[in-house]
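Heads up, the thing below is written out as structure tokens.
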Amino acid sequence: MLALSRLFALCALGLAASVSAAPIQVARSSALSGQDSELNARKAKVLTQAATFDSKRWKDIRVGDLVRVENNDFIPADLILISSSEPEGLCFIETSNLDGETNLKIKQASPHTASLTAPHLVTALRGSLRSEHPNNSLYTYEGTLDLTTAQGFPKQVPLGPDQMLLRGAQIRNTPWAYGLVVFTGHETKLMRNATAAPIKRTAVERQVNVQIVFLFILLLALSLGSTIGSSIRSWFFADKQWYLLETTSLSGRATGFIEDILTFIILYNNLIPISLIVTMEVVKFQQAQLINSDLDMYYAKTDTPALCRTSSLVEELGQIEYVFSDKTGTLTCNEMEFRCCSIGGTAYADEVDESRRDAADDAEGKDTWRTFKDMRAILDGAGANPFLDTAAPASARERDVLVEFLTLLAVCHTVIPELKDGKMVYQASSPDEAALVAGAELLGFQFRTRKPKSIFVDVLGVSQEFQILNVCEFNSTRKRMSTVVRAPDGRIKLYCKGADTVIFERLSKVQPYSEKTLVHLEDYATEGLRTLCIAYRDIPESEYKQWSAVYDQAAATINGRGDALDKAAEIIERDMFLLGATAIEDKLQEGVPDAIHTLQMAGIKVWVLTGDRQETAINIGMSCRLITESMNMVVINEETMHDTKTTLERRLTAIKSQRSSGELEELALIIDGKSLTYALEKELSKTFLELAIMCKAVICCRVSPLQKALVVKLVKKNQKSILLAIGDGANDVSMIQAAHVGIGISGVEGLQAARSADIAISQFRFLKKLLLVHGAWSYQRLSKLILYSFYKNIVLYMTQFWFSFFNNFSGQIAYESWTLSLYNVVFTVLPPLVIGVFDQFVSARILDRYPQLYMLGQQNAFFTKTAFWLWVLNALYHSVVLFGFSVILFWGDLKQATGLDSGHWYWGTMLYLAVLLTVLGKAALVSDLWTKYTVAAIPGSFAFTMLFLPLYAVVAPAIGFSLEYQGLVPRLWTDAVFYFMLLLVPVFCLSRDLVWKYYKRTYMPASYHIAQEIQKYNIPDYRPRQEQFQKAIKKVRAVQRMRRNRGFAFSQTENPGRQDQSRLIRAYDTSKSDARPSGY
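Residue numbers for the sequence shown follow the numbering used here, so the first one is -19 and each next one is one higher.
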């Protein structure tokens, strides 16, 4: 029987190890191999020497191959752009897999190769490419193409980032392009930004491993103590126990010592609960299924439920302290909408709510709000409807301002129109630009055709041509863009749009609409909209001729061309007339502001890591309530290592001194990609981290995928906190894998992030329930399950240790061997499972109402070292009481009514059942929620044991399987002493636990105890009134803050040092789009 029991223990250990390891390895290997196979099997067109195309798999493409990529194709390797279908070798790409941004980037082939638009011309290229070594910098490239001309002369063609098409990017709005392969496979910049997927282990698992080591040391100590007791008996009392035939030789005693210690290790081995590993895996799997089946995290629009891709990390969801989030596609929809505009002092919006209409009526038209429909009626000459609108008919002046405003939106931009399937599509390097042009189209001013020197706009159905004379480009210093045009009537006009701060400085003295426009700007800013001011001026012909000469001279400058053009623009951009302002919404995903605010209330710090620009990221930070009106912004935007170090140290010193004086101002840190590169260096990283941790919110702008991962790793290495990263694009994969928990958004940018993540959700707002409810529950359930599993094993097996003092340390077991083996496998298997799957310390409603309860997980309140040792001491106390009572009751052996002795197995079975009832009673005491499953698991387990054990005690001896229970049933189950002990001893044991529970809840309640009382008595929450009051105060503060810092929309992509947007747009003639080369 003992041999069978040992075999059973070994099988259980093997099963536990396989159950724990199998799902992790299978899931990880299958996911990785599937993704690799899919990518490697993609096909690309490779140009052969015969000027034909060979379809090759991505993995077969080699450096030096010439590849043809077509519209909407993903680029298979890092390519040098040779030529394209667009004028002057231009090519549009989308880099959402690289930097998360879906706005189009413009690339341009070298003028020396842009004319090679046919296969036979491309194959005629002769020469070599000298390239930089493979690296992870997405925004830089240096190389030289050494060509040999047809006449045999060498020609050097310099190459830079403008000619580089990166693997993972997608060709957009460009029918075809030819590229020379320069990096493939793991040498591409995309793969250089990737990091190896780590094997993730949770903090709870690591803590359990430490506790198992403690219990193993305890097991060895008990085994050694018992062995020493056995040795004392055999060495010093062998002559008094001569009937045991103990060996007296030295070698025999040494052999006996080793045999004894192994015997006791086997006897006490279940002090370490092997079943705990299996139970934890089963419970985690079930918790993952609960997440998958939660309808609150199901997104009906895309028919996407939450998907827990690995169940091993569920409890970490309840201990998150930092959330690292991507912006585009994660916080925002990346859909720019033209929401509102202020024209001539009148506010227009797509929809005007009743409160604004009423306010306008009360103000007697002083602050009028109208719909776009009303605007269209004025433009069409219908005026106001006397039956629907009490306002006076529109004046000619009002209509003229409307026409000028909308004309400016349709003319002043760098958008390129394209007709697709009868619908006008706008190619824009910035989504803001496209939104403004689309807004003008909506209101009857449709931009239709761009030619090198003019554009055509359908103004209320009439086509008009505007000559583009000059374009003064946007950059972050100017914060505005201007276009000088000659209108159809021959007048020269300057159209300008930009941030309110720079436009207002350049207005003429008489401005009838400035005050109302400012009021509207404040309204837009408090709603988190991105604003632009719109202004124009008429330019006399003579003034333009003088200025044009200055502009042409600046454009011809070789060194410092950008600065020269800026100075030239300053001359003409003056004395403008303010027409109004636009408001664009960078549409946030539904529920994002509330989710971020709730996470911050739960003690979670949110960091946004984005590839977008600094101003855009700040605007989004404000609109999603990451940055509040009470925060002071710390902006780090330096060009050199020295400047970054100086700024970081100065800011850190200032904040420390401020806090030492008692001022606790909330801070938001904003740092750009270049400064972050220096801040992540070894000598600066600690300073940067110390500053960042002091801030409530952190925004890192213009960061590469690798930098995202490095920021996460920096915090992970230096802080003992659990980190979560969430993103939706391939550029977020490294960050997701670097964090303790990775969340992927199944979004617009594909499923790369969702496939690499531990959990996939479809909306950022679902993160709130995932963490605050499922995370808090999973952590608390698993903590209770682990502690209870340790407890129940210690109680039983410590009674075995106490019994050793009474059996002369002979290694005799107190219980029948198979009954002992079934203790973990059958009789007590259900309570930990039910606690781990169904227990709720408070309801989801309470957790949502009081997000501060989440801090219990961050503080590891349920699974501390103190809690572990208290459970161990409680188990020791219960084992002493149970064994002590049974020994006192059976002292001298209990005589039955028949006059016979009760015997060893009679006593052992009674003690076993008393232990079982005690541990089940303990499970009942610690269960916070009773369901039908709890009833089946706790009282049900004891009822099953009371039915199964007598049946086993009858059948096992009858078939010769186990003889220990021979004749036991009629003696034990009919004895009143048996039932007396079952009632008395467990009640006595648990009475201390019950008294302690009452005392702690009554006199030392934890926060969740109070929440349980609120839940039990359904006490209403009176905070909403207070919150409404606070919201009103916040709105007032927001207005005051936004007056100082209003977000503005970018008019176009800035390319520092090279202002060539005007040259780019002059290259296009969309009226001849059918004349593009086919590339064949």
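Just so you know, even glycine gets a beta-carbon here, dropped at the ideal spot from N, CA and C. As the structure is a prediction and not an experimental result, all values here were calculated from the model.
query	result
Burial state of I939, where buried means 16 or more other Cβ atoms lie within 10 Å	exposed
Close Cβ partners of L368 (< 7 Å) along its chain, the five nearest in sequence each way excluded	The predicted position of L368 is uncertain, since its pLDDT is 41 and thus under 50; no value can be drawn from it.
Cβ-Cβ distance between V692 and A718 below 8 Å	yes
Contiguous alpha helix (DSSP H) assignments of at least 4 residues, all confined to the segment 395 to 454	411 to 422
Sheet register partners of C321 (DSSP bridge)	Y328 and T562
Candidates S375, V437 and V405: closest to A390 by CA position	V437
Burial state of V263, where buried means 16 or more other Cβ atoms lie within 10 Å	buried
Assigned secondary structure, D274 (DSSP; H/G/I helix, E/B strand, else coil)	coil
Of the listed residues T657, D708 and F842, nearest to E618 (C-alpha basis)	T657
Bridge partner(s) assigned by DSSP for A740	L287 and G724
Touch test, the segment 783 to 791 against the segment 230 to 250, Cβ-Cβ under 8 Å, three pairs minimum	yes
Counted within 10 angstroms of its Cβ, other Cβ atoms place L704 as buried (16 or more) or exposed	buried
Alpha carbon of N189 to alpha carbon of L962, nearest angstrom	35 Å
Beta-carbon proximity list for Y516, same chain, < 8 Å, skipping 5 on both sides	E384, L388, K473, L474, Y475, C476, M556, F557 and L559
The segment 575 to 595 / the segment 741 to 750 touching (three or more Cβ pairs under 8 Å)	yes
Per-residue burial, M316 [other beta carbons within 10 Å of its own, 16 or more giving buried]	buried
Residues near I739 in its chain [Cβ-Cβ closer than 6 Å; skip 5 each side]	C288 and I723
C-alpha gap between A1 and L813, whole angstroms	Confidence is the limiting factor: at A1 the pLDDT is only 44, short of 50, which leaves the residue's position unreliable and the question unanswerable from this model.
Exposure of F454, with buried meaning 16 or more beta-carbon neighbours within 10 Å	buried
Unbroken beta strand (DSSP E) run spanning D555, endpoints	First-last for D555: undefined, no H or E at that position.
Rounded separation between A149 and Y119 - CA only	13 Å
E993 (DSSP reduced to helix, strand or coil)	helix
C-beta contact flag for R486 and D546 at 8 Å	no
Collapsed DSSP secondary structure at W757 in the structure displayed	helix
Span of the beta strand (DSSP E) around E301	I300 to S305
Beta-carbon contacts of F958 that lie in its chain and below 7 Å, excluding the five residues immediately before and after	M890 and L952
Span of the alpha helix (DSSP H), counted from its first residue to its last, around D1133	Within the shown structure, residues of the chain are numbered from -19 to 1060, placing residue 1133 beyond reach of any answer.
Inter-stretch contact (C-beta, 8 Å, three-pair minimum) for the segment 812 to 832 and the segment 261 to 275	yes
Touching by the beta-carbon criterion (3+ pairs, under 8 Å), the segment 646 to 655 and the segment 604 to 617	yes
S1058 classed as buried or exposed, judged by whether at least 16 other C-beta atoms fall within 10 angstroms	exposed
Under the three-state DSSP convention, the category R147 falls into	coil
Helix, strand or coil at R48 according to DSSP, with G and I counted as helix	strand
The segment 770 to 789 contacting the segment 850 to 863, beta-carbon criterion three pairs below 8 Å	yes
Per-residue burial, N539 [other beta carbons within 10 Å of its own, 16 or more giving buried]	exposed
Start-to-end residues for the beta strand (DSSP E) that takes in V137	P134 to L139
Cβ contact (3+ pairs, closer than 8 Å) linking the segment 580 to 595 and the segment 830 to 849	yes
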